[in-house]
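S.K.: Pasting in a structure now, in structure tokens, and then I'll have a few things to ask.
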Amino acid sequence: MHCFYIRFLVVALIFTKCINIRKNGDVKCSGSTVSGNQGFYSFQCTTTSGGSFTSYMAVVETDYANYALLYRCGLYGSTTPKDNFLLFNRQSSGEIPAGLSTKLNQLELTSLNKLGCS
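Here it is in structure tokens:
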């Protein structure tokens, strides 16, 4: 089992068995493939405050070198499912990679917010 310790940064790691995240507490997640849903991964997560949640993730598009588009959904402390897309991008400009534009248009995700992360 591989564990990653990340401080003050939440990162989705699809192909890991264990993720530990530290930000005002610990979250530990174990992941596995979802039977019958090719490409989806399920993460069972527990927190040091006694909470737990399940998150489902799938890589929607990637060029395996510069970007990956990740879909994430689950119940995060409520009965209403929440979902979002995460764009992992190696370009420091934060611009959407050219190879990803077509896929984003197909998904009608043409207005993405750039967070001021440095």
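Under the numbering used here, the residue at position 72 of the sequence shown is numbered 55, and the numbers go up by one with no gaps.
The beta-carbon is built from N, C-alpha and C at its ideal position, and this holds for glycine as well.
Since we're looking at a predicted model, the values are computed, not measured.
1) Hey, could you find the ends of the alpha helix (DSSP H) Leu87 is sitting in?
2) Would Phe26 and Ser18 qualify as a contact pair, given that the criterion is a beta-carbon distance under 8 Å?
3) Exposed or buried, Leu83, counting other C-beta atoms within 10 Å across all chains shown (16 or more means buried)?
4) Does the beta-carbon distance from Cys28 to Ser38 come in below 8 Å?
5) Going by the CB atoms, is the gap between Leu90 and Leu69 shorter than 8 Å?
6) Ala41 by DSSP, collapsed to three states: which one?
7) Going by DSSP, what residue range makes up the beta strand (DSSP E) through Gln27?
8) So, using beta-carbon positions, are Tyr59 and Arg73 closer together than 8 Å?
9) Below 8 Å on the Cβ atoms is my guess for Ala41 versus Gly22; work out the distance and round it to an integer in Å.
M.R.: The answer reads as follows:
1) Against the sequence shown, residue 87 aligns to sequence position 104. Looking at the DSSP string, the run of the alpha helix (DSSP H) that includes Leu87 is 84 to 89.
2) For the purposes of this step, residue 26 is taken as residue 43 along the sequence shown, with counting starting at 1. For the purposes of this step, residue 18 is taken as residue 35 along the sequence shown, with counting starting at 1. Not closer than 8 Å, so no.
3) In the sequence shown, the residue the question calls residue 83 occupies position 100. Residue environment analysis places Leu83 among the buried positions, since at least 16 neighbouring C-beta atoms fall within 10 angstroms of its C-beta.
4) By 1-based counting over the sequence shown, the position of residue 28 is 45. By 1-based counting over the sequence shown, the position of residue 38 is 55. Against a cut-off of 8 Å, the Cβ pair of Ser38 and Cys28 comes out as a contact.
5) By 1-based counting over the sequence shown, the position of residue 69 is 86. By 1-based counting over the sequence shown, the position of residue 90 is 107. Not a contact, by the Cβ cut-off of 8 Å.
6) In the sequence shown, counting from the first residue as 1, residue 41 sits at position 58. Strand, per DSSP.
7) As a working note, residue 27 is residue 44 in the sequence shown. Looking at the DSSP string, the run of the beta strand (DSSP E) that includes Gln27 is 23 to 30.
8) Locating residue 59 in the sequence shown gives position 76, where the first residue counts as 1. Locating residue 73 in the sequence shown gives position 90, where the first residue counts as 1. Taking 8 Å as the Cβ cut-off, Tyr59 and Arg73 do not qualify as a contacting pair.
9) Residue numbering aside, residue 41 sits at position 58 when the sequence shown is read from its first letter. Residue numbering aside, residue 22 sits at position 39 when the sequence shown is read from its first letter. The pair is a contact, with the Cβ atoms about 5 Å apart (cut-off 8 Å).
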